[in-house]
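What follows is a set of notes on a single structure, which appears directly below.
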Amino acid sequence: MYHLQKFRFGKARWFLFFAALLSFSYCTTDLPTKPTDGTKQAIADSLMIVTSHPLAVEAGLEIYRQGGNLFDALVGVQFALAVVYPRAGNLGGGGFAVIRTEDGSVVTQDHREIAPKAAFREMYLDSLGEVVDGLSLRGHLANGVPGTVAGLLDIYKDFGGEVDLQTVLAPAIRLAENGFLVSEVEAERLNRFQDQFRKYSTRPNPFSQKKDWTVGDRLVQPKLAKVLKAIAEKGKSGFYQGWVADSIVAEMNRGGGIITYEDLENYRPVYREPIAFDVDEFKVFSMPPPSSGGVLLQQMFHFIDEGNLCCEDGWDSESAHLLIEASRVAFALRAEHMGDPDFMKFTTDQLTHPARLDSLWHFFDPERVGEGQLFIEKDMVLPETWETTHTSIADGKGNAVALTTTLNSNYGNKVVVGGAGFFLNNEMDDFSILPGLPNQFGLLGSEINAVAPGKKMLSSMTPTIVDRDGELHMVIGSPGGPTIISAVFQVMLRDFLFDMNPYENIQKSRFHQQAFPEETRIEENAFFREVMVELREKGHDFSEIERMAVVKMIKRTLEGKLKGAGDERNPDDHAQGTNSCCDF
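Heads up, the sequence shown is in my numbering, so the first residue is 3 and it goes up one at a time.
Shown next, in the form of structure tokens:
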């Protein structure tokens with residue numbers, strides 16, 4: 003068990019419960035059809051949903067009111083995100099889920115994409131052994147075999163099923179058929195990638211148009227609706243076989259891709275034991291490999307064990323130095339040792355063993371920046387990432403799911419499947435295309451994460467559930483590439499130390515250190531000015547980025563209330579719930 007030491011406690015928070023009551027969410031019956039910024043905080047008794055778009059939340063609530071359970075609602079939310087949040091919500095991608103049932107048991111589901119059977123180690127290199135620019139990011143060779151549909155349908159089969167699959171898919175189908183009004187953020191993203199849509203998609207698609215997208219334009223997706231109807235009618239075979247599979251394979255053949263019918267038919271999600279560890283009275287459950295999130299969370303909490311951490315209104319220089327260095331070492335270990343668990347040299351138990359971590363932490367100097375370089379230094383950049391999406395959902399019985407899903411980059415590989423109307427992922431870039439060379443997120447990898455057929459690529463997605471004294475306490479996750487891990491860790495830490503209101507906690511400025519490059523990325527006001535001066539004296543370098551990660555969080559109060567909080571960094575984030583008072 004790890005222990006957190008507060009140097010001093012911040013100001014009282016007793017008034018926040020009453021402030022949260024002002025954001026009380028009430029029952030509605032119709033899906034809204036106008037683009038509005040999401041509500042960023044809510045409180046409820048029966049069910050709480052926080053995700054990246056208001057229409058997806060409403061889809062889940064509709065299913066719940068029709069008699070579905072939490073898991074039915076979750077699946078409906080995810081299929082709706084594939085319609086209304088096309089830059090990250092998906093049918094053609096993959097993800098991870100941490101699942102808690104009301105009896106307190108926790109399991110994780112891995113529906114990460116896998117490399118096609120025809121993939122090979124040097125597939126993104128030219129004849130000289132150099133990386134072909136963009137080949138693992140854009141176009142038909144960039145995508146792994148999608149796992150989202152199989153994963154969601156297994157969750158429905160194994161945990162849901164209180165309503166039929168047609169009811170679960172109905173809101174998403176309606177949104178695809180009737181269309182929805184695009185938000186300012188979605189319009190900007192669609193405009194940004196128009197040239198790439200036209201370049202890499204081989205057939206007409208609803209995302210490409212001659213004029214710029216503007217707020218309030220209606221996006222109608224009839225071909226996607228047809229795919230959703232096939233899934234509602236036939237389940238997995240409606241996607242991985244039949245005419246949808248025909249469409250995927252035909253798209254591959256038109257663009258030089260390598261996914262085959264065999265790849266699609268053989269895809270299977272995997273249930274795995276969670277990474278689980280204790281921090282004081284809290285028990286953390288997070289995602290194991292091929293996600294690096296859970297392992298890095300445990301490593302960082304180990305490194306700061308017994309550290310004096312101050313303060314609620316902002317970290318002092320000693321605390322900030324400790325947290326930055328803990329992240330630096332954890333990310334260096336990630337680069338050297340992590341990947342698909344079937345290919346890793348060390349087990350997760352070995353990577354989180356206290357004696358091993360102590361031996362790596364012995365060089366920590368409270369006055370100076372550590373090396374953290376476990377192999378070659380590289381000059382690389384860390385672009386801002388928005389392309390993943392996360393859903394946190396919890397009910398009053400103690401059921402909860404943290405689910406993170408992705409296409410990797412915005413709109414994945416920019417290929418819309420002809421005749422089917424959905425984007426494919428570009429997850430192959432998450433492999434170590436050339437060990438020692440950074441991917442789009444500036445992350446290094448080793449041979450353990452090299453391309454191989456049937457292999458899963460390493461991920462930073464960190465869906466996490468926390469219990470407190472045996473009861474559900476928190477559901478959390480985020481998009482944001484490697485900054486996901488930093489954001490989730492920092493929000494959890496402030497909650498454990500200071501019992502912060504979830505909305506206020508999420509809006510706090512963040513920092514990110516991933517060992518390569520040496521400089522620490524910071525949001526504006528991440529540290530006080532005098533703290534920055536003291537950190538620079540210790541050898542820290544900084545670069546400022548506009549924003550990092552977009553956390554979605556539910557916190558259960560000791561009274562059993564569910565407080566949902568979205569992130570102001572994404573105007574479309576939405577938190578909404580239902581209450582036992584509501585007439586269903």
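Note that CB positions come from ideal geometry on N, CA and C, so glycine has one too.
query	result
Whole angstroms are fine: how far does the CA of cysteine 313 sit from the CA of leucine 495?	11 angstroms
In chain order, which beta strand (DSSP E) runs of at least 3 residues are fully inside the region 510–560?	522–524, 544–546, 554–558
What are the start and end residues of the beta strand (DSSP E) that includes aspartate 112?	108–113
Return the residue from the list Arg538, Asp397, Leu362 that minimises the CA-CA distance to glutamate 369.	Arg538
Is the region 465–482 touching the region 392–405 in the sense that three or more CB pairs, one from each, lie closer than 8 angstroms?	yes
Under 8 angstroms: do the region 405–417 and the region 139–146 share three or more Cβ pairs, one atom per stretch?	yes
Write down every uninterrupted run of the alpha helix (DSSP H) in the region 216–271 whose length is 4 residues or greater and which is fully enclosed by it, in chain order.	224–236, 239–242, 244–257, 263–267
Quick check on methionine 254: buried or exposed, where buried means 16 or more other Cβ atoms within 10 Å of its Cβ?	buried
What three-state label does DSSP hand arginine 102 in the structure shown?	strand
In chain order, what residues of the same chain lie with their CB nearer than 6 angstroms to the CB of isoleucine 250, ignoring the 5 residues before and after it?	Val419
Short check: CB of threonine 522 to CB of valine 490, under 8 angstroms?	no
According to DSSP, tyrosine 273 sits in a beta bridge with which residue or residues?	Gln111
Per DSSP, what kind of secondary structure is histidine 355 in: helix, strand or coil?	coil
Report all residues from its chain with a CB closer than 7 angstroms to the CB of arginine 274; omit the five preceding and five following residues, and keep chain order.	Thr110, Asp112, Pro290
How long is the line joining the alpha carbons of arginine 531 and alanine 322, rounded to whole angstroms?	13 angstroms
Exposed or buried, which one is asparagine 507 when buried takes at least 16 other CB atoms within 10 Å?	buried
Using 8 angstroms as the Cβ pair cut-off and three pairs as the minimum, do the region 564–580 and the region 542–556 touch?	yes
For a quick check, are the C-beta atoms of proline 573 and aspartate 47 less than 8 angstroms apart?	no
Whose C-alpha, out of Glu520, Gly78, Lys347, Val552, is nearest the C-alpha of aspartate 543?	Glu520
Assuming isoleucine 45 is part of the beta strand (DSSP E), what are its boundary residues?	43–46
Does DSSP put alanine 452 in a helix, a strand or coil?	strand
For alanine 452, which option in Glu124, Gly372, Pro148, Arg102 has the closest C-alpha, if you only look at C-alpha atoms?	Glu124
Compare the beta carbon distance of glycine 309 and leucine 324 with 8 angstroms and say whether it is the shorter of the two.	yes
What does a CB cutoff of less than 8 angstroms around glutamine 7 pick up in its chain, not counting 5 residues either side in sequence?	Glu308, Gly309, Asn310, Leu311
Check whether the Cβ of arginine 191 lies closer than 8 angstroms to any Cβ atom in chain D.	Chain labels in this structure do not include chain D; a single protein chain is all it has.
Buried or exposed, going by whether 16 or more other CB atoms sit within 10 Å of the CB of aspartate 315?	exposed
Just to confirm my understanding: we take phenylalanine 333, look at its own chain, exclude 5 residues before and 5 after, and list those with CB closer than 6 angstroms. What are they?	Gln516, Ala517
Taking the alpha carbon of tyrosine 158 as the point to measure from, which residue in Gly70, Asn427, His5 has its own alpha carbon closest?	Gly70
Inspect the beta-carbon positions of alanine 90 and leucine 57 and report whether they are closer than 8 angstroms.	no
In this structure, how does DSSP classify arginine 470 when only helix, strand and coil are distinguished?	strand
Need the endpoints of the beta strand (DSSP E) that phenylalanine 284 sits in, please.	284–288
Out of Asp469, Pro484, Asn581, Phe425, which one is the CA nearest neighbour of glycine 106?	Asp469
Check glycine 295 in the structure and name its three-state DSSP category.	helix
What is the rounded straight-line gap between the Cα of histidine 2 and the Cα of proline 88?	The requested residue 2 does not occur in the structure, where the chain is confined to residues 3 to 586.
Please say whether isoleucine 450 and lysine 347 have beta carbons closer to each other than 8 angstroms?	yes
Express the C-alpha separation of threonine 169 and aspartate 282 in angstroms, rounding to a whole number.	42 angstroms
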